[in-house]
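With the UniProt record's numbering, the residue at position 64 of the sequence shown is 64, and numbering never jumps.
Idealized CB from N, CA, C, for every residue including glycine.
Source: prediction; values computed, not measured.
Worksheet for the structure shown next.
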Amino acid sequence: MSGGVGPTGCDISLPKEQELSFKEQQDQQQSLLKNLNKPTTPPQQHKVGTILSFNQLNSLAVVIVLSASGLVSPEDFAFVFFSLIYLHFIAKVAFPSLHPSRDPQEVFNPQNKLIQLYTLIGATIGLFIPIAYIFEGVFEGDKEGIKAAAPHVFLLASQVFMEGVASSSSQRFSAPVRAFVPAFYNARRIFTIVDWLRSEVYKIDGEHSGSAWRIHVGRALAMANMAYWSFNLFGFLLPVFLPKVLKLYYSSEYNDKDR
1 MSGGVGPTGC
11 DISLPKEQEL
21 SFKEQQDQQQ
31 SLLKNLNKPT
41 TPPQQHKVGT
51 ILSFNQLNSL
61 AVVIVLSASG
71 LVSPEDFAFV
81 FFSLIYLHFI
91 AKVAFPSLHP
101 SRDPQEVFNP
111 QNKLIQLYTL
121 IGATIGLFIP
131 IAYIFEGVFE
141 GDKEGIKAAA
151 PHVFLLASQV
161 FMEGVASSSS
171 QRFSAPVRAF
181 VPAFYNARRI
191 FTIVDWLRSE
201 VYKIDGEHSG
211 SAWRIHVGRA
221 LAMANMAYWS
231 FNLFGFLLPV
241 FLPKVLKLYY
251 SSEYNDKDR
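Spelled out as structure tokens, the structure:
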């Protein structure tokens, strides 16, 4: 009679086990397909870029040309060399990097139109036009104007190069160390601009002074640089930029201690 009731327990369990194993295989295949189809995220690239960017290469070329021309004093060479050593010194002693594996935080958005315009004006007044002024002076024989403008151009080109070194992904300097470069160089260049302005003001028409219009251009250019870089140091770097940098640095340090 038992044979007429239906299949036994063993006959019932066998197809269920096969169904479960089949479902497990399907789930494994689907998970593999999802992993294969999942887009791979490329490694994050550092925003700071490499040590020698296009701007740093151009600045280095200006430094080399002026150095080879003999227009740079030993004091200016010593200043650049000392700034490189002191940059690493304060990075180790005073302001070590709190997050070496992270990209450095920006105080101001580099895409800000006002910041870009302000930087462009500084580069035009302080670097592009003075370079043209020096090259034009070679043809006119304005030795005094070239000699007076060369230290400022040399130090500004060195500053641009050093800012690239401080912001490079391989160095990982902290924000205060990176802010040290423009403040340090700007303060030094004020003295060279004063000498440049004094030389232009007391310049008279002569054998090594160039044409009359060049004298007026040299005076206007020296005064424009004096006004811009004085404001940059005393109106922007010291009262605005450096406090924001230090606040950002120490707030990050305190947040790390609280964790």
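Out of the options, state which residue places its alpha-carbon closest to the alpha-carbon of residue i.
i    : options                   : result
G157 : V177, V63 and V138        : A small fix is needed here, since residue 157 is Ala in this sequence, not Gly. Looking at the Cα atoms, V63 is the closest of the given residues.
I129 : E106, R172, G235 and G218 : G218
D195 : S97, I115 and P151        : P151
L84  : Q159, Y250 and I190       : Q159
G137 : W213, S97 and M223        : W213
A78  : S168, L155, A91 and F236  : L155
S59  : I190, V201, T192 and V165 : V165
D142 : V153, P239, I215 and R178 : I215
A222 : Y202, L237, R172 and Q111 : Y202
A220 : S168, S167, A68 and R198  : R198
V80  : F95, S53, S97 and R189    : R189
Y185 : L87, A94, S252 and F139   : L87
F95  : G235, M226, R172 and F236 : R172
S69  : P239, F139, K147 and L238 : K147
L238 : A183, L248 and M226       : A183
F236 : K92, V107 and S53         : V107
Can you list, in chain order, the residues of its chain with a C-beta nearer than 6 angstroms to that of residue i? Leave out the 5 residues immediately preceding and following it.
i    : result
E163 : V181
L117 : none
L32  : Confidence at L32 is low in this model, with a pLDDT of 49, below 50, so the placement of that residue should be treated as unreliable; the coordinate-derived value is given next. Taken in chain order, the list of residues that qualify is empty.
Q45  : Unreliable placement is indicated for Q45, whose pLDDT of 41 sits below 50; no coordinate value is reported for it.
S97  : R172 and S174
A91  : F173 and V177
Buried or exposed, going by whether 16 or more other CB atoms sit within 10 Å of the CB of residue i?
i           : result
E75         : exposed
P43         : Summary for P43: the model assigns pLDDT 40, below 50, so the residue's position carries little reliability; its value from the coordinates is reported in the next sentence. With fewer than 16 Cβ atoms within 10 Å of its Cβ, P43 is classed as exposed.
K244        : exposed
G145        : buried
L114        : exposed
F231        : exposed
N55         : exposed
L66         : buried
F89         : exposed
T119        : exposed
S174        : buried
V72         : buried
F82         : exposed
A161        : A small fix is needed here, since residue 161 is Phe in this sequence, not Ala. Looking at its Cβ environment, which holds 16 or more other Cβ atoms inside 10 Å, F161 is buried.
A61         : exposed
residue 265 : In this structure the chain extends from 1 to 259, so residue 265 is not present and cannot be described.
Classify residue i as helix, strand or coil using the three-state DSSP reduction.
i    : result
Y202 : coil
G145 : helix
P110 : coil
P239 : helix
F184 : helix
F161 : helix
S167 : coil
L98  : coil
E234 : Checking the displayed sequence, the identity of residue 234 turns out to be Phe instead of Glu. Helix.
S252 : helix
R172 : coil
V245 : helix
Excluding the 5 residues preceding and the 5 following residue i in the sequence, name in chain order all residues of the same chain whose CB lies nearer than 7 angstroms to its CB.
i    : result
L246 : P176
Y250 : none
A149 : P130, Y133, I134 and W196
A224 : I125
H179 : Here residue 179 is Ala; the residue named in the question, His, does not match the sequence. Around A179: F241, L242 and V245.
T192 : P151, H152 and L155
A187 : L233
S53  : G164
Keeping to the same chain, check which residues put their C-beta closer than 8 angstroms to that of residue i; ignore five residues upstream and five downstream.
i    : result
Y228 : I121, G122, I125 and G126
P110 : Q116
Span of the alpha helix (DSSP H) holding residue i?
i    : result
P74  : P74 to V93
F54  : F54 to S69
L126 : According to the sequence shown, residue 126 is Gly rather than Leu. Where G126 is concerned, there is no enclosing alpha helix (DSSP H), given that its DSSP letter is neither H nor E.
Would you say residue i faces chain C, with C-beta separation under 7 angstroms as the test?
i    : result
R188 : Reference to chain C is not applicable here, since this structure consists of a single protein chain.
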